[in-house]
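Down below is the structure, laid out as structure tokens.
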Amino acid sequence: MKNLLHICRFEWKNLWRNNTLIILLLVFFGAGIYGIYFGKFEIQKQEDRMATVQEYERQQFDSLLTWVSLDTSIKANQINFRRAVSPTGEGRSKHFTYYVLHHTPPLAGLCLGQRDLFPVYYGLNVTDLARQMNIGELANPMKLLTGNFDLSYVIIFLLPLLIVALFYDLYAKEKEGGTLTLLQSQSVKLSTVLMGKGLLRLLIVLGSATGLLLLGFLLQGISLGQNAGIFFQSLGLIYTYCLFWTAVMAGIIALRKSSATSAIYGLGIWLLLTMISPALLNLFVSAKTPLPNRTDSVHELRTLSGKVWGSPRSFVYDQFYPKYPEYDKGDSINFNQWYYASFTLFDDKANSLNQEYESQVAKRNQLLKKWQWLAPAAMVHENFSSISKTDRESHIRFVKRIHEFHDDLKNTYYPKIFDDENFNKTELMELQAKLEE
Amino acid sequence: MIVFIAKFELLRYSRDGHARLLVICTTLMLLASMVLSIRDYSLSQDQYQENLLQSRLNWESQAEKDPHDAAHDGTYAIEPIYPLAMLDKGIQQYTGQVIHLGAHERKQSTLNQAKDHSGLFRFGELTPNFVLLYLFPILLIFLGYNTFTEEKEAQTIRLLLAQGATTTQLALGKWVALLILMMLLFIVYCLSVVLSYAYLGGSSGIEILEWLIFNASYLIYLIVFVSLIVLVSSRSKSSGKSLVTLLTFWILVTLIIPKLSSNLAGQLYPFPSLQTFIDNINEDQKNGLNGHNFWNEAAQDFQQKVLQEYGVKTIEELPVDYGGLLLAEGEKYESEIYTKHFNLLKAQYHKQRKVFRLSGFLSPFLSVRFLSMSMARTDYNFQWHFEEKAEQYRVVLNTALNMNIAENAKGVERYKANTEVWANAPKFEYQWEASDQIIKDHYFEYSIIFAWMILSFLAMVVFSRKIKVV
């Protein structure tokens, strides 16, 4: 033990006097800090958008509250009054658009994950959800394809390179520098010396990783106290990743090859595990179990929508009332009633198609999960984005919340629409409570 | 002398067990990517054909109805896949697959496949262009990084120079040898591509010239690497340093700079949020025609114009249905507003594109990537081209339907068009953007990769004179 410490101390001096370590750490931290800054920038953009939307939503609702108190004996006021109180809106515009936000999880800025692919908010009114969900945020697809240079990228791609750079000549340097025979003539076993050198390097790696993660929390203003749980979770994940790469390098060193060969082996494995194996796995799974044709559901919905408009009344009587007897108003059906009934029928169909589709996607992603160990870098990234709540699953959970919100909206609006009633001021105030904080 | 050195160098490669193994592995990877891509490509082509038929079938099989109701239900533009997309999928999976073409509204393309994948997808797919852009260069680096340094370390360089060879000849010889090796790999690639298209039943639609240009950009890219490898190896003191320099270059050029430039483009010229974008459009449309509002000022003006044109005083006296005319005019007006706002967005994209293009000076990878995607019709330019054509068709279709109302609905209570109208409605036939147009649009990228090729070669020749032997 004492020998080990002695070796570590000596090796530290050795490394510190050599510029390489400093340069490596500077590059690593430079890239990391840029990644942290960029992540912050992207998240800030999303937050600004959400803030704008919320501001807009509040203004709009305030107008409704002003309009509901208008004096309707003045003709000019009547349109605005109807806009405020009619649950079906006025003319072509619907009653009110509520915004549901996918609030930024604390770690999102460190690992942007899949969050840039999906809208972070949806604007919803009480018409069908399916078409209102069918939007995407404006983005240059080239940017999506190239991906983000965030902290997770630095950890997944560059940290292993740091490990390779620190470890590759652990043994070979002694041999090539002619100090190996000197070491072998000591009373300390060679394996202990190598172990000590390795241990020190591992400590440097773990220290840098911890430092970078801490910097991430610090620079992005993420409270460590409130997020201690996810901090340690991420740290654990990163440490595991570091240990994995250290083990890979230990295996290479055990082959006792020259420094150049060891470096090639290390980089070859890096290339294989961070780039080739994920890419191969992706293409393999795409070709083996292609994504089901989502366009099929587009066609089905198109046909359904055509039929609903073709014979609206029979649709309401044959399908809507049996399914939703609470809204059954007998023969006295007006335009808005069948119009809104058709939205529900449309959504029911869309939901069942979507569920079928999602279950196929889930099956396929399950298959990917099964083989994911072939691509450890991707696996770590997936876990990191799951900890940061920026993965696809988090978006699916958000979508679930939207469905609940929309159902709630329908429960408020539909009774009004089917009783052919308007909102009064108190009811509008209750609706205001639905706006998100 | 150069030929002799090249021959000797090739002999050295052929005896190197590691080199053989690497070449075999890369070739296998290339073949695997080709085989999987064929399957993937033919599946997507089948899906495309099926979608195309289905969407027209849905349109033509509509019951009798008001043409404007049919317009609201709309039809779909399905994004086609160019044969070269088998080799380079580009942004295909990050944009949608279908665009709904309905009344009043220009929609974005939807069903973005990337959204259905897990995060693993962002690591890319091992398509042939992946092999060419990432793996071939790194293979060349692994093969050639020590081409000079090994001679220096073993001191054999002195022997060679003592035989009368100059260092420039030495460099050129080594360059030729590595180039031949690269060409062999490239020929394997070309053969596998030819076989793939033969298997798919002909490369329908790709002209020979276009195909040559597509591959030429990759060839130039690889030549740049060959020159740089010989250059770095000749300037490095040890094999290790040469390898580190080359790999750092590779990582910067293929991984870091593309990401940085994409980040920078987005930061300098951000897209507006969808909310703002739609709001601006609605604001512009608020006081205009929309085909359903008969009473606002714009509608009144239009009514006057129509009455004057037909030389009558009231709507009732018109020989045609006024509602149809108003719908048609409204559609035109709304589409103009959309065009205006989409053009603003496009202008922003072109600013972003400038950042990407300039980044080509730092990374030939980016220029080649854009050239390849443009030829494969899987870049953002294609997406714009397709969406604009789809929008033009949407207006044509809507005009036809609304004019059908204008011509037939006069005096008819609840007019319904018969089913022939659907079958006779114009079809959307997308024409690919011509290759020469695309090439013209990418002169800048071509100039950059040519500059890289020439400058890297010249640098290699010039610096090879100053090689230190000791």
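Chains as they are written, first to last, in the working numbering: chain D, 691 to 1127; chain X, 3 to 472. Note that the Cβ used here is the ideal one computed from N, Cα and C, for glycine as well.
Nearest-angstrom Cβ-Cβ length linking residue i and residue j, presumed shorter than 8 Å
{"i": "V234/X", "j": "S244/X", "result": "5 Å"}
{"i": "G729/D", "j": "D859/D", "result": "Actually they do not touch by this definition, with Cβ atoms about 33 Å apart."}
{"i": "L142/X", "j": "I231/X", "result": "6 Å"}
{"i": "L647/D", "j": "K1039/D", "result": "Summary: the structure shown does not reach residue 647/D, with chain D confined to residues 691 through 1127, and so no result is reported for it."}
{"i": "R160/X", "j": "F465/X", "result": "Not a contact, Cβ separation roughly 19 Å."}
{"i": "H989/D", "j": "N114/X", "result": "Incorrect: roughly 18 Å between the Cβ atoms, too far for contact."}
{"i": "N830/D", "j": "G268/X", "result": "7 Å"}
{"i": "T112/X", "j": "G919/D", "result": "Wrong, their Cβ atoms sit about 37 Å apart, outside the cutoff."}
N-terminal and C-terminal residue of the alpha helix (DSSP H) that residue i is part of
{"i": "T895/D", "result": "The sequence shown places Val at residue 895/D, not Thr. Looking at the DSSP string, the run of the alpha helix (DSSP H) that includes V895/D is L880 to L909."}
{"i": "T1116/D", "result": "K1115 to Q1122"}
{"i": "Y395/X", "result": "Y382 to N410"}
{"i": "V100/X", "result": "Here V100/X belongs to no alpha helix (DSSP H); instead the beta strand (DSSP E) covers V100 to L103."}
{"i": "D443/X", "result": "S437 to D443"}
{"i": "N1101/D", "result": "R1082 to F1108"}
{"i": "L13/X", "result": "I4 to R17"}
{"i": "H352/X", "result": "Y324 to S361"}
{"i": "N830/D", "result": "Unbroken run through N830/D: none, as it is neither H nor E."}
{"i": "V308/X", "result": "E299 to Y312"}
{"i": "R379/X", "result": "Segment: none, R379/X is in no alpha helix (DSSP H) and carries neither H nor E."}
{"i": "I182/X", "result": "T169 to Y201"}
{"i": "R821/D", "result": "L819 to M823"}
{"i": "W434/X", "result": "Element bounds for W434/X: n/a, residue is neither H nor E."}
{"i": "H696/D", "result": "K692 to R707"}
{"i": "L233/X", "result": "I210 to R237"}
{"i": "Q277/X", "result": "L276 to Q287"}
{"i": "Q874/D", "result": "L870 to Q874"}
{"i": "G146/X", "result": "F138 to G146"}
Proximal chain X residues relative to residue i, where beta-carbon distance stays under 9 Å
{"i": "A1052/D", "result": "Residues of chain X passing the Cβ test: none, with the nearest at roughly 10 Å."}
{"i": "D1131/D", "result": "The structure shown does not extend to residue 1131/D, since chain D spans only 691 to 1127, so no value can be given for it."}
{"i": "F1004/D", "result": "The sequence as given places Ser at residue 1004/D; Phe does not occur at that position. In chain order: nothing, as chain X lies at least about 13 Å away."}
{"i": "V743/D", "result": "S275 and Q277"}
First and last residue of the uninterrupted beta strand (DSSP E) at residue i
{"i": "G813/D", "result": "Y811 to L814"}
{"i": "T110/X", "result": "According to the sequence shown, residue 110/X is Gln rather than Thr. Taken as a continuous stretch (DSSP letters only), the beta strand (DSSP E) holding Q110/X covers R108 to T112."}
{"i": "A79/X", "result": "T77 to I80"}
Proximal residues of chain D, C-beta to C-beta of residue i below 7 Å
{"i": "F123/X", "result": "N972"}
{"i": "L38/X", "result": "L973, F974 and A977"}
{"i": "P502/X", "result": "The question about residue 502/X has no answer here: the residues shown for chain X are numbered 3 through 472."}
{"i": "H294/X", "result": "R782"}
{"i": "R41/X", "result": "A977"}
{"i": "K117/X", "result": "L807 and F808"}
Chain-ordered chain X contacts of residue i [CB-CB under 8 Å]
{"i": "W999/D", "result": "K67, D71, H74 and D75"}
{"i": "P831/D", "result": "I93, Y96, T97, Y382 and Q385"}
{"i": "P809/D", "result": "L276"}
{"i": "M1119/D", "result": "Per Cβ cutoff of 8 Å: no residues; M1119/D is ~25 Å from chain X at best."}
{"i": "M1182/D", "result": "There is no way to answer for residue 1182/D, as the model of chain D reaches only from 691 to 1127."}
Chain-ordered neighbours of residue i on chain X, where CB pairs are closer than 7 Å
{"i": "S1075/D", "result": "G121"}
{"i": "N824/D", "result": "T112"}
{"i": "L957/D", "result": "L249"}
Per-residue contacts from residue i into chain D (C-beta, under 9 Å)
{"i": "M462/X", "result": "Within chain D, no residue comes near M462/X; the closest Cβ sits about 22 Å away, beyond 9 Å."}
{"i": "P82/X", "result": "Those do not exist, as P82/X stays about 13 Å from chain D at its closest Cβ, beyond 9 Å."}
{"i": "M31/X", "result": "I966 and L970"}
Selection of the region 979-996 of chain D by Cβ proximity to chain X, strictly under 7 Å
Under the 7 Å Cβ criterion, the region 979-996 of chain D contributes P980, L981, N983, R984, T985, V988, H989, R992, T993, S995 and G996.
By the 8 Å beta-carbon criterion, what residues does the region 125-145 of chain X contribute toward chain D?
Listed in chain order, the positions of the region 125-145 of chain X with a beta carbon within less than 8 Å of a beta carbon of chain D are F125, G126, E127, L128, T129, F132, Y136, L137, I140 and F144.
Suppose only complete runs of 3+ residues qualify. What are the beta strand (DSSP E) ranges in the region 1020-1080 of chain D, listed by chain order?
Along the region 1020-1080 of chain D, the beta strand (DSSP E) does not occur as any fully enclosed run of 3 or more residues.
Secondary structure, beta strand (DSSP E): runs of 3+ residues fully inside the region 936-1016 of chain D
Here no run is fully enclosed.
For the region 860-882 of chain D, enumerate the residues whose C-beta is nearer than 7 Å to any C-beta of chain X, in chain order.
Within the region 860-882 of chain D, no residue has a Cβ that lies closer than 7 Å to any Cβ of chain X.
Let me know the alpha helix (DSSP H) ranges lying completely inside the region 757-796 of chain D, each 4 residues or longer, listed in chain order.
Listed in chain order, they are 765-775.
Mind checking the region 233-255 of chain X against chain D and listing, in chain order, the residues whose C-beta falls within less than 7 Å of any C-beta there?
Within the region 233-255 of chain X, the qualifying residues are S241, G242, L245 and L249.
Contact set between the region 833-847 of chain D and chain X, restricted to residues whose Cβ is under 8 Å from the partner:
Against chain X - using a Cβ distance shorter than 8 Å - the residues of the region 833-847 of chain D are K833, L834, L835, T836, G837, N838, F839, Y843 and F847.
Taking only beta carbons into account, state which residues of the region 430-460 of chain X come closer than 9 Å to chain D, listed in chain order.
Within the region 430-460 of chain X, no residue has a Cβ that lies closer than 9 Å to any Cβ of chain D.
Interfacial residues, the region 3-27 of chain X to chain D, with Cβ spacing under 7 Å:
So the list is empty, because no residue satisfies the distance condition.
Give me the subset of the region 1085-1097 of chain D whose CB atoms are less than 9 Å from a CB atom of chain X, sorted by chain position.
Listed in sequence order: H1085.
Beta carbons nearer than 9 Å to chain D: which residues of the region 300-329 of chain X have them?
Listed by position along the chain: nothing, the set is empty.
Output needed in chain order: residues of the region 1032-1063 of chain D with a Cβ under 9 Å from some Cβ in chain X.
Result list: Y1047, E1048, V1051, R1054, N1055, L1058, K1059 and Q1062.
Name, going along the chain, the residues of the region 881-914 of chain D whose beta-carbon falls closer than 8 Å to a beta-carbon of chain X.
The residues in question: there are none.
What are the residues in the region 922-941 of chain D lying within 7 Å of chain X by C-beta distance?
Listed by position, the residues of the region 922-941 of chain D near chain X (Cβ gap below 7 Å) amount to none.
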